[in-house]
Amino acid sequence: MAEDLVLDTAIRDWVLIPLSAVMVLIGILRYFVAKLMRSFQSPDPKVLKEGQVLLRARNLKAGANFIPAKSFRARRFYFTNEENGLLHVPKEQAQNAQAQMFSDPNMAMDMMKKNLSMIIPQTLTFAWVNFFFSGFVAAKIPFPLTQRFRSMLQNGIDLSTVDVSYVSSRSWYFLNLFGLRGLFSLILGEENAQDDTQKMMQMSGFGFDASKSLSAEKDSLDIIQHEWVLPKMEQRAEEMLRKLVK
Amino acid sequence: MAGAAEEAQLNRLESQVDSGGGGAWEYLCLVRKLKARRSEKVLKHGLSILNDAKDRSKLGGEEWTLYEQVAIAAMDCQRLDVAKDCIATLSKKFTGSLRVGRLEAMLLEAKGAWADAEKAYACLLEDNPLDQLIHKRKVAMAKAQGNISAAVDFLNKYLEIFMADHDAWRELAEIYVSLQMYKQAAFCYEELILSQPTVPFYHLAYAEVLYSMGGLENLQAAKKYYCATVNLTGGKNTRALYGVCLCSVAINQLIKGRNKEEKESSELQSLAAEALLQDYKHRAPGKLPLLTTMLKNMKLIS
Numbered sequence: 001m002a003e004d005l006v007l008d009t010a011i012r013d014w015v016l017i018p019l020s021a022v023m024v025l026i027g028i029l030r031y032f033v034a035k036l037m038r039s040f041q042s043p044d045p046k047v048l049k050e051g052q053v054l055l056r057a058r059n060l061k062a063g064a065n066f067i068p069a070k071s072f073r074a075r076r077f078y079f080t081n082e083e084n085g086l087l088h089v090p091k092e093q094a095q096n097a098q099a100q101m102f103s104d105p106n107m108a109m110d111m112m113k114k115n116l117s118m119i120i121p122q123t124l125t126f127a128w129v130n131f132f133f134s135g136f137v138a139a140k141i142p143f144p145l146t147q148r149f150r151s152m153l154q155n156g157i158d159l160s161t162v163d164v165s166y167v168s169s170r171s172w173y174f175l176n177l178f179g180l181r182g183l184f185s186l187i188l189g190e191e192n193a194q195d196d197t198q199k200m201m202q203m204s205g206f207g208f209d210a211s212k213s214l215s216a217e218k219d220s221l222d223i224i225q226h227e228w229v230l231p232k233m234e235q236r237a238e239e240m241l242r243k244l245v246k
Numbered sequence: 001m002a003g004a005a006e007e008a009q010l011n012r013l014e015s016q017v018d019s020g021g022g023g024a025w026e027y028l029c030l031v032r033k034l035k036a037r038r039s040e041k042v043l044k045h046g047l048s049i050l051n052d053a054k055d056r057s058k059l060g061g062e063e064w065t066l067y068e069q070v071a072i073a074a075m076d077c078q079r080l081d082v083a084k085d086c087i088a089t090l091s092k093k094f095t096g097s098l099r100v101g102r103l104e105a106m107l108l109e110a111k112g113a114w115a116d117a118e119k120a121y122a123c124l125l126e127d128n129p130l131d132q133l134i135h136k137r138k139v140a141m142a143k144a145q146g147n148i149s150a151a152v153d154f155l156n157k158y159l160e161i162f163m164a165d166h167d168a169w170r171e172l173a174e175i176y177v178s179l180q181m182y183k184q185a186a187f188c189y190e191e192l193i194l195s196q197p198t199v200p201f202y203h204l205a206y207a208e209v210l211y212s213m214g215g216l217e218n219l220q221a222a223k224k225y226y227c228a229t230v231n232l233t234g235g236k237n238t239r240a241l242y243g244v245c246l247c248s249v250a251i252n253q254l255i256k257g258r259n260k261e262e263k264e265s266s267e268l269q270s271l272a273a274e275a276l277l278q279d280y281k282h283r284a285p286g287k288l289p290l291l292t293t294m295l296k297n298m299k300l301i302s
């Protein structure tokens, strides 16, 4: 099964490059449309406060060894104690968050807009690729693959004897989908990368994030062992001064 | 806070612009980015750009940011007429905007019309209850009126929501120190150390507060934090060296009666004293005899 198929360079000129170019252009278009459609979301005080609490808890974790043990324990108690600790989220509240998510019209609209702006171009491009660019071998993947990938990567090619490394343009489309993120961050500036993969992951983790991250912080604070690093400072200062004075 | 390199660049640009070379716009942008407070220069150069119609049109969309910057600089230099003009131009272009409203309230503040300014801020806060700058202006106003306890109240409320804002913690710590509420000030400095443990200034300030509070435990902690400052600044910080000496003397006085199980490394004190002597020899040799007598009295050097 080791025949080497010679692929026409015309494929490269007329399939691979135009497909990538089209995806880049669509990405840029989506970016500008998103900028136009972005509604100004007034900050929610609760969400803001939670964010700040998280930051402060993280600072506490990071710098715990620099403050005296008493102060650290006092602060840890303030954050994690069962009754009114800042990071403690009672069970019912956690449930409510999700229900609220669906009932709050603004948030629902926002999420719909975000999803739409991502799904529609993807679907259209995919359909276009399938319609125009199917039924032939588009490229060869440089490493060997198992037979299981055949159905995924060779959808238009109905020959079962062709090596799985020879793929159709559908796989080129997917490659571009995941790979153009770097290019977009170069062109459009750092924060505006059309990061489809991240958005897809975000879609499944619906913004429950707040209570989950709070409890995660709480757990990590609970397990910290405080070791005051300051006494070592005395010795280090002594050595340093000794060197300085000599 | 500007890093050393950026400050050097800022100074260089400043001298360049002052001596008539170009680059006023870059200077202003850099000042804005670093949030440095050079109001006179900003006012002078900003006005020269704004008054020249050709320069102004070259800026395009950025001219409104320049108007804002010049307005604030003018208020700082008490050139209220200039400020009023800038704000009038801005409000014609952006009516009903939060930023312009804030500038107008700041103008009232600069004029000294406290009650009007308070009303204006309250109005703005109703629409935007989470605007950080307005809250900070309220604190500044209370402080300027001399109403320190109100300032403390406002700051505390602000920090309940925005607890990761270390500038606010710093301001609160300084206010507490001025009110001699050392325990609260110590808490604030601890927050600052937590968020930025490599800034020697916070360790130094915390050590000073601990030293002022007194008591054996605090003195020992203070000594450790002075050592930390010495570490972080490579032994160059004179105040930290003094702090180490004074803390050791105070601790020795306190534990004079008890048996010296805790014979702290007296090396540290004498080393700090040595370092101080060297420092003075280099930088202020005239004051060296004063220092030597003082250290001899403290029994840190022989």
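Taken in order, these protein sequences are the chains called A and B.
For the first sequence, counting from 1, position 179 maps to 179 in UniProt numbering; every step adds exactly one.
For the second sequence, counting from 1, position 251 maps to 251 in UniProt numbering; every step adds exactly one.
Where is the CB? At the ideal position from N, CA and C, for every residue including glycine.
For this session: Note down, in chain order, every chain B residue with its Cβ under 9 Å from the Cβ of Lys35/A.
Result: Neighbours of Lys35/A across chain B, judged by C-beta separation under 9 Å, do not exist; the nearest C-beta is about 15 Å away.
Exercise. What does Met181/B touch in chain A if you count any residue whose Cβ is under 8 Å from its own?
Worked result: Within 8 Å Cβ-Cβ: nothing; Met181/B doesn't reach chain A, min ~16 Å.
For this session: Could you tell me which of Leu159/A, Ile141/A, Thr146/A and Pro142/A sits nearest to Gly135/A, measuring between CA atoms?
Result: Relative to the Cα of Gly135/A, the nearest Cα in the group Leu159/A, Ile141/A, Thr146/A and Pro142/A belongs to Leu159/A.
For this session: Could you name the residues of chain A that Gln278/B contacts, counting a contact when the two beta carbons are closer than 8 Å?
Result: Simply Leu244 and Val245.
Exercise. In three-state DSSP terms, what is Ala139/A?
Worked result: Residue state, collapsed to three classes: strand.
Exercise. When the cut-off is 8 Å and only beta carbons count, does Tyr225/B lie next to chain A?
Worked result: Yes - at least one Cβ of chain A is within 8 Å of the one on Tyr225/B.
For this session: Identify each residue in the segment 109 to 132 of chain B for which the Cβ-Cβ distance to at least one residue of chain A is less than 9 Å, and report them in chain order.
Result: Result list: Asn128, Pro129 and Leu130.
Exercise. Looking at C-alpha atoms only, which residue of Tyr182/B, Lys183/B, Gln184/B and Ala205/B is the closest neighbour of Ile193/B?
Worked result: The residue among Tyr182/B, Lys183/B, Gln184/B and Ala205/B with its C-alpha nearest the C-alpha of Ile193/B is Ala205/B.
Exercise. Does the segment 133 to 148 of chain A touch the segment 42 to 52 of chain A, meaning 3 or more C-beta pairs lie closer than 8 Å?
Worked result: No contact exists between the segment 42 to 52 of chain A and the segment 133 to 148 of chain A.
For this session: Whole angstroms is fine: what's the gap from Leu47/B's alpha carbon to Val82/B's?
Result: Between Leu47/B and Val82/B, the C-alpha separation is close to 9 Å.
Problem set entry | Residues that Val167/A bridges to, as DSSP identifies them | BP columns for Val167/A point to Ala139/A.
Problem set entry | Stretch pair the segment 236 to 251 of chain B + the segment 205 to 220 of chain B: three plus CB contacts closer than 8 Å | Yes, the segment 236 to 251 of chain B is in contact with the segment 205 to 220 of chain B.
Problem set entry | Partners in chain A for Leu268/B, counting only beta-carbon separations shorter than 8 Å | Within chain A, the residues near Leu268/B are Glu234, Ala237, Glu238 and Leu241.
Exercise. With 16 as the cutoff for other CB atoms within 10 Å, does His282/B come out buried or exposed?
Worked result: Exposed is the call here.
Problem set entry | Cα-Cα separation, Lys287/B to Leu277/B | Taking the straight line joining both Cα atoms gives about 10 Å.
Exercise. What in chain A is Cβ-close to Phe162/B, meaning under 9 Å?
Worked result: Neighbourhood of Phe162/B in chain A, by CB distance below 9 Å: Leu48, Lys49 and Gln52, in chain order.
Problem set entry | Cutoff 8 Å: Leu55/A Cβ touching any chain B Cβ | Judged by the 8 Å Cβ criterion, Leu55/A is in contact with chain B.
For this session: Determine the DSSP secondary structure at Val31/B, reduced to helix, strand or coil.
Result: Val31/B falls in the helix class under three-state DSSP.
Exercise. Is there contact between the segment 118 to 128 of chain A and the segment 16 to 26 of chain A, where contact requires at least three CB pairs shorter than 8 Å?
Worked result: The segment 118 to 128 of chain A makes contact with the segment 16 to 26 of chain A, as at least three CB pairs between them are under 8 Å.
Exercise. Taking C-beta to C-beta, are Val139/B and Tyr158/B nearer than 8 Å?
Worked result: Yes, these two residues count as a Cβ contact at 8 Å.
For this session: Give the C-beta separation of Lys140/A and Leu7/A to the nearest angstrom, bearing in mind that I take them to be a contact with Cβ-Cβ under 8 Å.
Result: That belief holds up - the Cβ atoms of Lys140/A and Leu7/A are roughly 7 Å apart, short of 8 Å.
Problem set entry | Pairwise C-alpha distance: Tyr189/B and Leu10/B | Taking the straight line joining both Cα atoms gives about 29 Å.
Problem set entry | Assumed close pair Leu80/B, Ala117/B - CB separation to whole angstroms, cut-off 8 Å | With 8 Å as the limit, Leu80/B and Ala117/B do not qualify as a contact, their Cβ atoms being about 13 Å apart.
Exercise. Closest by CA to Lys35/A, which one among Arg75/A, Lys113/A, Ile17/A and Phe79/A?
Worked result: Out of Arg75/A, Lys113/A, Ile17/A and Phe79/A, the CA that lies nearest to the CA of Lys35/A is found in Lys113/A.
Problem set entry | Near-chain B residues of the segment 55 to 71 of chain A (beta-carbon distance less than 8 Å), N- to C-terminal order | For the segment 55 to 71 of chain A, which is checked against every Cβ of chain B, the residues closer than 8 Å are Leu55, Arg56, Asn59, Leu60, Ala62, Gly63, Ala64, Phe66, Ile67, Pro68 and Ser71.
Problem set entry | Contact with chain B by Leu214/A, beta-carbon distance below 8 Å | Cβ-Cβ to chain B under 8 Å: no for Leu214/A.
Problem set entry | For Leu180/A and Gly27/A, believed in contact at Cβ under 8 Å, the rounded distance | Between Gly27/A and Leu180/A, the beta carbon gap of about 6 Å places them in contact (Cβ cut-off 8 Å).
Exercise. Could you give the distance in angstroms between the alpha-carbon of Pro129/B and the alpha-carbon of Thr146/A?
Worked result: Cα-Cα distance, rounded: 59 Å.
Exercise. For Ile152/B, which of Ile161/B, Asn252/B and Ala168/B has the nearest alpha-carbon?
Worked result: The sequence given here has Val at residue 152/B, not Ile. If we check each option's Cα against that of Val152/B, Ala168/B comes out closest.
Exercise. Rounded C-beta distance between Leu221/A and Thr80/A? I'm assuming under 8 Å.
Worked result: Cβ-Cβ separation between Leu221/A and Thr80/A: approximately 6 Å, consistent with a contact (criterion under 8 Å).
For this session: Kindly give me the distance between the Cβ atoms of Ile148/B and Leu179/B, rounded to whole angstroms, as I take these residues to be in contact under 8 Å.
Result: In this structure Ile148/B touches Leu179/B by the C-beta definition: roughly 6 Å separates them, less than 8 Å.
Exercise. Using a beta-carbon distance below 8 Å, is Asn237/B in contact with chain A?
Worked result: No, its Cβ sits nowhere closer than 8 Å to a Cβ of chain A.
Exercise. For Leu271/B versus Ile251/B, is the C-beta spacing smaller than 8 Å?
Worked result: Not a contact, by the Cβ cut-off of 8 Å.
Exercise. By the criterion of Cβ-Cβ separation under 8 Å, what are the contact partners of Ala221/B in chain A?
Worked result: Simply Pro68 and Leu230.
For this session: Could you say which of Arg148/A, Met118/A and Arg75/A lies nearest to Lys218/A if we only look at CA atoms?
Result: Nearest C-alpha to Lys218/A: Arg75/A.
For this session: Using a Cβ cut-off of 7 Å, pull out every chain A residue sitting near Pro197/B, in sequence order please.
Result: Within 7 Å Cβ-Cβ: Gly63 and Phe66.
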